[in-house]
Amino acid sequence: MPPAFPPLYPITLQHGLILGAALFSIGLAGALTKRNSIVILMAIEVMLNGVNVTFVAFARQLEPAVLTGQVFALFIITVAAAEAAVGLALIIAIYHLRHSVQIDEANELQG
Amino acid sequence: MPVDFLVAGGFYTFGLASIIGAIGLIVARNVFHSALFLVVTLASVAAVFVILGADFLAAVQVLVYVGAVMILILFGLMLTPVNLEVPHLASAGQAVSGVLVAGAVFIVTTATLVSVQWPKVVGIPSDAPTTEQIGESLFTTYALPFEIASVLLLVAMIGALVIAREG
Amino acid sequence: MPSSCFLPAFICDPFAYVGGGLHGALGSNLAEPLPTLILSVAAVAMLTTIIAVVVMSQVWTERRVVAMMQGRIGPNRVGPSGILQPVADAVKLLMKEDIVPFGADRAIFLIAPLIVLVPSLAVWSLVPWGPGLGVADIDVGILLVLGLGAFTTLGILMAGWASSNKYALLGGMRVAAQLISYEIPLVLSAMVPVLWAGTMSLQGIVEAQRGIWNIAILPVGPVAFLLFLTAGIAEVNRSPFDLAEAESEIIAGFHTEYSGMRFALFFLAEYANSFAVGAIASVLFLGGWLGPILPPYVWMFVKAYGVFLILIWVRSTLPRLRYDQLMQFAWKVALPISLATLVITAALVSLTQGSVA
């Protein structure tokens, strides 16, 4: 079956999923191209938000009675907080060592 | 159906705003500007949550991420040299290949999303308040993940302290 | 109509009375979505006007009361007892030049006052003024109020950074660090009434206090109220937590470079926020619009203004904290106490109200 784009209106499951995919991809592009590790953390937050949009769209359109998707999104926000805490601690450790947060300057393990 | 129309209008407005914010985050040369674009994205995503009937999640998103962005800005200001002219993007080859990979991910995902036959909706999407239901499922069905998440937060806190302290 | 109001309907709930009449009059001429839309816009315009008037009264009250406590007279030239002084101040500020400093980040510098002001106005729209009387009553009201309050701080940080002035930047960074520290006890102490009422809707929290006000629930009520008030003062950067604009250390902090109308917007936001803290504190702990004889919105206003008077009293009594004292208090005193309060409340709720499931 050839991919058929949903009509622009009304809003269905696919619209939410495409928005989630777009946010995820843009965040991925940011994480792969930026040099400042703090901006990379921000890009990862955008990726996680894209996933959350996907979960919420699923929760609304597939099983509105159970809200499993929203609970998952809550867990993702929690894990994102933990990830940001450890990530920032790592950035501080790197800064102590190299006096820079540019990610391509931390390359000792390159050999 | 004016309600459907409002939903569509809101979805496109805030969806577009979130995408613009995400692109601005990458394009901006300055950490502070990146952080402000991140705020645009996060707030628009919260609005999309409201449109998709997740009111509790939207409030949590606002409450959690405003503080998080603030911390990111503080770190960005403290650890990034302001006057030094450093390229904000990685080497040209890496930048191009990064964008290509992300574009490929988007195309493949979208193609899959629109071609899959999704199951039919069980019940009617409602805009009723979700807080009570989420609370109940957190303490019954998802009690174990809830506990694990709290332990994870504790571990992350201790880990972050240890790593940042040793330097 | 609430059972506590024995006055004519027009006085008890004038907004519903006038609004209902207008809605009927408009509805006979226009199709259905239009009358509701027009009245909503009118309600927002009215709310903004009310905020401006209340802020002016606050400025006058604060200057007179502080003067009284310091043995001075205070503003007494413009109008009877100087009551028109805020109007004169506003006119003066509006006529001043709006300067953008050289080297400032222009777009962010111009937009920052709005980022500070808009959330503080939005908080007002969530405050319940009586049974069913309020711009919006949403299920997660208190969470949204706390989140919007944090947004204000983001605007202050933007202003400090965009000014391209080291004192402004110091002020902005102080605000950010202060917010991150004091948001935790603020949220935790606000959860005490939420646990007790079993809802996060502000109307629901007020309704749950029909028997007994939350501040009177021993032993947690008074502690949580004091914590909320302290953290609330820190959130709106008022003395003794006004390190962001400590004039003896960093000139005027984040608004050093602002002048004219944009400075007036910061000023407006600060007072609007102070009143909002008073209103939310009264909703959470002092029974909101509940009270005998007088109409509900009068009670709400009196309580919120009373809390604002406490803020003035605190301001003229206590000296400004040093920065390390501020942080010590947040993390070593306020946080443990608020956690303990929350745990005790949870135990009390499960003992007295039984299990929900």
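In order, the protein sequence lines correspond to chains A, B and C. The numbering of the first sequence is our numbering, which starts it at -15 and goes up by one. The numbering of the second sequence is our numbering, which starts it at 193 and goes up by one. The numbering of the third sequence is our numbering, which starts it at 54 and goes up by one. Just so you know, even glycine gets a beta-carbon here, dropped at the ideal spot from N, CA and C.
- The Cβ of Leu93 of chain A sits no closer than 8 angstroms to any Cβ of chain B.
- For Lys149 of chain C, the secondary structure class from DSSP, reduced to helix, strand or coil, is coil.
- For Gly200 of chain C, the residues of chain B that pass the 8 angstroms Cβ criterion are Ala251, Val254, Leu255, Val258, in the order they occur in the chain.
- By the Cβ-count criterion, Pro349 of chain C is buried, with 16 or more other Cβ atoms from all chains shown falling within 10 Å of its own Cβ.
- At a cut-off of 8 angstroms between C-beta atoms, Met349 of chain B does not count as an interface residue with respect to chain C.
- Separation of the CB atoms of Leu232 of chain C and Thr206 of chain C is rounded to 4 angstroms, and the pair is thereby assigned contact status at 8 angstroms.
- Between the alpha carbons of Val223 of chain B and Arg130 of chain C lies a distance of about 49 angstroms.
- In this structure, the alpha-carbon of Met26 of chain A lies about 19 angstroms from that of Leu345 of chain B.
- The Cβ-Cβ distance between Glu67 of chain A and Leu230 of chain B does not fall below 8 angstroms.
- Sixteen is the threshold: when 16 or more other Cβ atoms of the shown chains lie within 10 Å of the Cβ of Pro166 of chain C, as they do, the residue is buried.
- Within chain B, the C-beta atoms nearer than 7 angstroms to that of Phe204 of chain C come from Val258, in chain order.
- Secondary structure at Asn129 of chain C: coil, using DSSP grouped into helix, strand and coil.
- In the pairwise beta carbon analysis, the stretch 370 to 378 of chain C is classified as touching the stretch 288 to 302 of chain C: at least three pairs are separated by under 8 angstroms.
- Annotation for Met244 of chain C: the continuous alpha helix (DSSP H) segment containing it runs 219 to 250.
- Within chain A, Asn36, Val37, Val40, Gln54, Ala57 have C-beta atoms less than 9 angstroms from the C-beta of Phe241 of chain B, given in sequence order.
- Remark: C-beta atoms of Ile76 of chain A and Ile24 of chain A do not approach each other more closely than 8 angstroms.
- The straight-line gap separating the alpha-carbon atoms of Ile212 of chain B and Leu279 of chain C is approximately 43 angstroms.
- For the 8 angstroms CB-CB criterion, Met314 of chain C and Asp192 of chain C do not form a contact.
- Pairwise C-beta distances place the stretch 160 to 179 of chain C in contact with the stretch 311 to 330 of chain C, as three or more of them are shorter than 8 angstroms.
- Taking the CA atoms as reference points, Gln(-2) of chain A sits about 23 angstroms from Ile61 of chain A.
- Boundaries of the alpha helix (DSSP H) harbouring Val40 of chain A: 21 to 45, taken from the DSSP string.
- Residues of the same chain with a CB within less than 7 angstroms of the CB of Val198 of chain C, apart from the 5 flanking positions on each side, are Val176, Leu179, Ile333 in chain order.
- For Leu170 of chain C, the closest C-alpha among the options C:Arg159, C:Lys356, C:Ile104 is that of C:Ile104.
- Leu12 of chain A reaches chain B at Gly290, Val293, Ala294, Val297, Phe298, counting residues in chain order whose Cβ is nearer than 9 angstroms.
- Contact check for Ala43 of chain A and Leu51 of chain A: beta-carbon distance about 5 angstroms, within the 8 angstroms limit, so the pair qualifies.
- Take Leu401 of chain C, set aside five residues on each side of it, and no residue of its chain has a beta-carbon closer than 6 angstroms to its own.
- For Leu266 of chain B, the nearest beta carbon of chain C is closer than 8 angstroms to its own beta carbon.
- Residue pairing by DSSP puts Leu281 of chain B in a beta bridge opposite A:Lys18.
- Membership of Ile161 of chain C in the alpha helix (DSSP H) is indicated by the continuous run 159 to 179.
- About 7 angstroms separates the beta carbons of Thr283 of chain C and Ala387 of chain C, which is inside the 8 angstroms limit, making them a contact pair.
- Taking the C-beta atoms as reference points, Ala64 of chain A is found no nearer than 8 angstroms to Ile218 of chain B.
- Look at Gly341 of chain C here: in three-state DSSP terms it is coil, with no helix or strand label.
- Under the Cβ distance rule, Ala65 of chain A counts among the residues neighbouring chain B, one pair being separated by less than 8 angstroms.
- Of all residues in the stretch 118 to 142 of chain C, none is placed with a Cβ closer than 9 angstroms to any Cβ belonging to chain B.
- The distance from the Cβ of Val188 of chain C to that of Leu79 of chain C is about 19 angstroms, inconsistent with a contact at the 8 angstroms cut-off.
- Listed in chain order, the non-local C-beta contacts of Ser312 of chain C below 8 angstroms within the same chain comprise Lys149, Glu150, Asp151, Ile152, local neighbours out to five positions each way being set aside.
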